[in-house]
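Visitor: Dropping the structure in here first, questions after.
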Amino acid sequence: METVDLTVIGAGWSGLAAIKTYLQVNPSSNVLLLEAASSIGGVWAKHRLYKGLKSNNMLGTYEFSDFPMDPETFGVQPGEHIPGQVIQQYMEKFAERFQFRDRIRLNTRVRSAEHRPDGTWLLTTVSTEEQADDKVTEVVTRKLIVATGITSQAYLPSFPSQETFDAPLFHCRDLLQHEADVLQEGRRITVFGGTKSAWDAVYSAATSGAQVDWVIRENGHGPVWMAPPYVTPLKKWLEKLVTTRLLTFFSPCIWGHADGYPRIRRFLHGTWLGRKIVDAFWAILANDPLLDRRQPQHPQLPNRFL
-7 METVDLTVIG
3 AGWSGLAAIK
13 TYLQVNPSSN
23 VLLLEAASSI
33 GGVWAKHRLY
43 KGLKSNNMLG
53 TYEFSDFPMD
63 PETFGVQPGE
73 HIPGQVIQQY
83 MEKFAERFQF
93 RDRIRLNTRV
103 RSAEHRPDGT
113 WLLTTVSTEE
123 QADDKVTEVV
133 TRKLIVATGI
143 TSQAYLPSFP
153 SQETFDAPLF
163 HCRDLLQHEA
173 DVLQEGRRIT
183 VFGGTKSAWD
193 AVYSAATSGA
203 QVDWVIRENG
213 HGPVWMAPPY
223 VTPLKKWLEK
233 LVTTRLLTFF
243 SPCIWGHADG
253 YPRIRRFLHG
263 TWLGRKIVDA
273 FWAILANDPL
283 LDRRQPQHPQ
293 LPNRFL
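Following this note's numbering, the numbering of the sequence shown begins with -7 at its first residue and continues without gaps.
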């Protein structure tokens, strides 16, 4: 039975950051990272990367602070969104740069984790490779970090008579496997749901020449907002804007006084004039996505607004 000091479950952003940080503090530790997929990346693993998939973020805001995604190495220029293949490549190079790639065990699913009386964890694992048998492997670890995220298990609604439905019915995480049949001109597809994955699937299908029917719940709730990268009349980069101290003043926070500027927060959220300023600020930000796509003027929207 294998015994290690730390086991991390999941090779996405959080899992990679966890094992890298732990090894920096404890370089001589015996550390293991278990990943069920055949490549690292989490939602950016190779089996999820269909054509046209890119990040919402632009270059410079979707990276580890100690490993910049430089244009020369990864081929993405400032002001560009990052292709999924580049993100996966970046995460591979991150593991190589900090020398823990050999600590990652792919195609290994953790079936159970038992906390034992001595404080250690007993992990039961199986291989996810197609040709592998159901042999169970056990690992004892002194510390355990679960970094599987909230998107590791796909949710696919059930529909009446779906067994006899004469067309592919699949979750968007499996779009790559159906890419040749779906993402092509002349096809007609239906996307059910309004989250970011739905936006990505609709965009990829539409730009491939397919006719897309997009189904969203009747009450209209659910779709996420798609904001332009540059907002306000000053055209500030939204991703950078949210990391500035000034913007934090416009959100009420019970710990706000800890930043040393309690009077500014008291004025903005505790006075009539301050609240008017805050309301106007958020109204400008909320209006940008609408005006960017001329949504207020669309005849099929109730009251011409979302």
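We treat Cβ as the ideally placed atom computed from N, Cα and C, and that holds for glycine.
As the structure is a prediction and not an experimental result, all values here were calculated from the model.
Quick one: residues in its chain with C-beta nearer than 8 Å to the C-beta of residue 195, no 5 flanking neighbours on either side, listed in chain order?
Guide: These residues qualify, in order along the chain: 44.
Visitor: What separation, rounded to the nearest whole angstrom, lies between the Cα atoms of residue 252 and residue 267?
Guide: The straight-line gap from Cα to Cα measures roughly 20 Å.
Visitor: With respect to the alpha helix (DSSP H) encompassing residue 261, which residues constitute its N-terminal and C-terminal limits?
Guide: Here the alpha helix (DSSP H) through residue 261 covers 254 to 262.
Visitor: Report yes if the CB atom of residue 185 is closer than 9 Å to the CB atom of residue 202, and no otherwise.
Guide: For residue 185 and residue 202, no; Cβs fall outside 9 Å.
Visitor: By the three-class DSSP mapping on this structure, what secondary structure does residue 121 have?
Guide: Coil, per DSSP.
Visitor: Would you call residue 298 buried or exposed, if buried means 16 or more other Cβ atoms sit within 10 Å of its Cβ?
Guide: Per-residue confidence for residue 298 stands at a pLDDT of 42, beneath the threshold of 50, marking its modelled position as unreliable; no derived number is given.
Visitor: Between the Cα of residue 91 and those of 11, 243 and 247, spot the shortest distance and give me the residue it belongs to.
Guide: Minimum Cα distance to residue 91 is reached at 11.
Visitor: Output yes or no for whether 9 Å exceeds the beta carbon distance between residue 97 and residue 24.
Guide: Yes; because the gap between Cβ atoms is below 9 Å, this pair is in contact.
Visitor: Taking all protein chains shown into account, decide if residue 173 is buried (16 or more other Cβ within 10 angstroms of its Cβ) or exposed.
Guide: Exposed, since its Cβ has fewer than 16 Cβ neighbours within 10 Å.
Visitor: Which same chain residues end up closer than 8 Å to residue 72 when comparing Cβ atoms and leaving out the 5 residues on each side of it in sequence?
Guide: Excluding positions up to five away in sequence, the list reads 50 and 51.
Visitor: Residue 280 and residue 302 - do their beta-carbons sit closer together than 9 Å?
Guide: Because the chain is modelled from -7 through 298, residue 302 falls outside the range shown and cannot be assessed.
Visitor: Buried or exposed for residue 247, please, with buried defined as at least 16 other CB atoms from any protein chain shown within 10 angstroms of its CB.
Guide: That one is exposed.
Visitor: In whole angstroms, what separates the C-alpha of residue 110 from that of residue 89?
Guide: Spanning the two alpha carbons is a distance of roughly 35 Å.
Visitor: Beta carbon of residue 143, beta carbon of residue 35: below 9 Å?
Guide: Against a cut-off of 9 Å, the Cβ pair of residue 35 and residue 143 comes out as a contact.
Visitor: With 16 as the cutoff for other CB atoms within 10 Å, does residue 147 come out buried or exposed?
Guide: By the 10 Å Cβ count, residue 147 comes out exposed.
Visitor: Please classify residue 278: does DSSP put it in a helix, a strand, or coil?
Guide: Residue state, collapsed to three classes: helix.
Visitor: If I measure Cβ to Cβ from residue 121 and keep anything under 7 Å in the same chain, skipping five residues before and after, which residues do I get?
Guide: Only 99 meet the Cβ criterion.
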